[in-house]
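The structure under discussion appears below in the form of structure tokens.
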Amino acid sequence: MPILDSGLLINAAVNKTAKLMVSVINTGLYVPSIRMELYTVQLAGATEGYGKLCALDSQRMMLSRSGVEESVYLASFDVNWLDTFGIRILADGLGANDVIATVTELDEQGAVLRRRLLEPSAVRLEEYQLAYIVNHAQHSVTVMQTVTHARVAAIQLPKGSRPRHIAASPDGARVYLTCHGDRTVKIIENLTYNSERDITFPGSAVPYAIALSNDGRKAYVTTLVTDAFHIIDTDTGRIQHTVTLPVSCEASAIALSPDGNSICICMTGAAKLVLMDAESGQVRTVVQLPEGSQPSSAAFLPNGSAIYVTDVKYNCVFVIQIEGRLVAARVELEKGGKPSAVMITPDGALAYIANREGDELTVINTARQEVLTSVELPSGSSANGLACTSDGTKIYVPLLSFGYVAVIDVQSQLPIAIVPTGSFPSAVAITQQPPL
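Taking the numbering used here, the leading residue of the sequence shown gets -16, the next gets one more, and so forth.
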């Protein structure tokens, strides 16, 4: 994926740039997709020790093949009011490598100050992956760049929001937060870090677990107090379907099957898993776990053949075979660890378990269905929540007690960074693609 970037430019007091004229040209025979951004830098404030890049404007277009009228796109931006600015152009699809661009700076009279040719450069996907960490008690979200572990933004939510869980849209454009305090799902735009919309739930329903469909058009949310499962249209923000669940079932976790057709819900208070149709919400199968079980999280293998389910009562992981809808294996964990989250690497080889009271992550070999190793964490960490980069090289785990997130290197199974976030970090999600 080529990126054409001017870099951050300084708007000098003398011969000040008033307008940018940007020309994007397709020199090839295919039709690439283009996103153009005008950005600036927001300097560090009194309460934060870091600044951030901010997108001010963005435009999307398709460029026709070379030689026809729509193979060239022209755009203009007023920048007279900016001290710093830059233009970034992201090209995708067939013909992306055939895109060239120029940026012309004009003064207030329209005279040309300087002209720049933007050179395309290859981009590594991991450089554009962002980790979003939910700070439950601080009513905020910390944003980190996964390649450097640098904090790039702090998103302050309304006081009393109490965000709990998070999911990222497949296209990387938005993240969705469930908030206990004001009973909403908040939608955050990935480019600007601004709240785009609140989805409010009816009555006493408290949104808890959340997942998104593979196309990002639907959000799946469970609610507590009013025990239910909701399917939400993310374009309109409206609840399309509501399925009533058993009273006090504590629907604490959601997992979406790799093909996007099925939803698995963990009923912590009922010792059951429920498999539902992702389109209609109709119950397909109920899997009864051993009596007294308290399933706390679930994850599908990438091939969709099995579900890994953590259980805080028995300190184990149940492996549920999809074909027979039965418990096919039980992997014992450290006694008293209280496993709270499970995540499977993109290649399906390893399952990572966050143990809230065990000060460690447990790593399971999925081929042998046995514990491979453990990753030691600081004493009293209260690990909760897991996310993996798309290349499968790094695991992110929030440490509730300390207000940090630990970054684990998958190859060495060792922590390579521990980064401060905010009070009571309860969940993490990683944007899997640049926001094109």
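Note that beta-carbon positions come from the ideal geometry of N, C-alpha and C, so glycine has one too.
Cut-off 6 Å between Cβ atoms - residues of its own chain near residue i, not counting five sequence neighbours on either side
| i | result |
| --- | --- |
| Ile290 | Cys247, Ala281, Phe283 and Ile303 |
| Val300 | Tyr291, Thr293 and Val314 |
| Val55 | Ile8 |
| Asp181 | Thr167 and Lys169 |
| Glu179 | Ile170 and Glu172 |
| Ala84 | Leu(-13), Val7, Ile72 and Leu101 |
| Ser276 | Ala254, Asp294 and Lys296 |
| Ala377 | In the sequence under discussion, the amino acid at residue 377 is Lys, which differs from the Ala named in the question. Only Val390 meet the Cβ criterion. |
Pick from the options that is closest to residue i, judged by C-alpha positions
| i | options | result |
| --- | --- | --- |
| Val208 | Ile193, Leu228 and Asn197 | Leu228 |
| Lys201 | Thr167, Leu239 and Val(-3) | Leu239 |
| Val310 | Ala254, Leu333 and Asn367 | Ala254 |
| Pro(-15) | Asp342, Thr349, Cys162 and Leu77 | Leu77 |
| Val354 | Glu343, Ile170 and Leu(-13) | Glu343 |
| Ile327 | Lys321, Gly319, Ser365 and Ser288 | Ser288 |
| Pro361 | Ala120, Glu20 and Val402 | Val402 |
| Ile116 | Gln139, Met19 and Met4 | Gln139 |
| Ile17 | Arg134, Val393 and Ala79 | Ala79 |
| Val82 | Ser245, Gly11 and Leu383 | Gly11 |
| Ser420 | Gln396, Ser364, Asp392 and Thr376 | Coverage of the chain is limited to positions -16 through 419, which leaves residue 420 absent and any answer about it impossible. |
| Asn436 | Asn286, Gly93 and Pro141 | In the structure as shown, the chain begins at -16 and stops at 419. Residue 436 is therefore absent and cannot be evaluated. |
| Leu21 | Thr414, Ser144, Leu174 and Gly252 | Leu174 |
| Asp330 | Pro285, Leu382, Thr161 and Ala400 | Pro285 |
Identified DSSP bridge partners for residue i
| i | result |
| --- | --- |
| Asp40 | Leu21 |
| Asp181 | Lys169 |
| Gln139 | Ser123 |
| Cys371 | Ile378 |
| Asp75 | Ser16 |
| Gly69 | Tyr22 |
| Gln271 | Lys255 |
| Gln453 | Lying before the first or after the last residue shown, residue 453 is absent from the chain, which here runs from -16 to 419. |
| Val358 | Leu344 |
| Asn118 | Ser123 and Pro408 |
| Thr227 | Ala211 |
| His438 | The requested residue 438 is not part of the displayed model; the chain covers only -16 to 419. |
| Leu(-8) | Phe68 |
| Asn338 | Pro322 and Glu343 |
| Gln128 | Leu113 |
With 16 other Cβ atoms within 10 Å as the buried cut-off, status of residue i
| i | result |
| --- | --- |
| Ala259 | Sequence check: residue 259 is Met here, not Ala. When all chains shown are included, Met259 counts as buried. |
| Ala194 | buried |
| Pro146 | buried |
| Met45 | exposed |
| Thr372 | buried |
| Gln121 | buried |
| Val411 | buried |
| Val51 | exposed |
| Ala188 | buried |
| Gly368 | buried |
| Pro273 | exposed |
| Asn63 | exposed |
| Asn(-2) | exposed |
| Tyr33 | Here Tyr33 scores only 45 on pLDDT, less than 50, and its place in the model is too uncertain to base an answer on. |
Range of the contiguous beta strand (DSSP E) that encloses residue i
| i | result |
| --- | --- |
| Pro351 | The sequence given here places Arg at residue 351; Pro does not occur at that position. Careful: Arg351 lies outside any beta strand (DSSP E) and carries neither H nor E. |
| Ile303 | Cys299 to Gln304 |
| Thr87 | Val82 to Leu89 |
| Ala211 | Ala211 to Asp216 |
| Glu315 | Leu309 to Glu315 |
| Cys247 | Ser245 to Met250 |
| Thr161 | Arg157 to Cys162 |
| Pro(-15) | Pro(-15) to Asp(-12) |
| Asn63 | Asn63 -> no beta strand (DSSP E), and no H or E assigned at all. |
| Ser279 | Pro278 to Phe283 |
| Lys2 | Lys2 to Asn9 |
| Ser235 | Ala234 to Leu239 |
| Leu100 | Val95 to Leu101 |
| Tyr176 | Premise fails: Tyr176 is in no beta strand (DSSP E) and is neither H nor E. |
| Pro398 | Leu397 to Pro403 |
| Glu390 | Before going on, a small fix: residue 390 reads as Val here, not Glu. Tyr387 to Asp392 is the extent of the beta strand (DSSP E) around Val390. |
| Val295 | Here Val295 belongs to no beta strand (DSSP E), and DSSP marks it neither H nor E. |
Contacts around residue i, its chain only, beta-carbon distance under 8 Å, and the 5 residues preceding and following it disregarded
| i | result |
| --- | --- |
| Ser(-11) | Gly69, Ile70, Arg71, Val86, Arg99 and Leu101 |
| Glu317 | Asn298, Asn338, Gly341, Glu343, Thr345 and Ser357 |
| Ala332 | Asn348, Thr349 and Ala350 |
| Gly143 | His122, Gly164 and Asp165 |
Close beta carbons around residue i, own chain, < 7 Å, minus the five adjacent residues each side
| i | result |
| --- | --- |
| Gln265 | Met259 |
| Gly320 | Asn298, Asn338, Glu340 and Gly341 |
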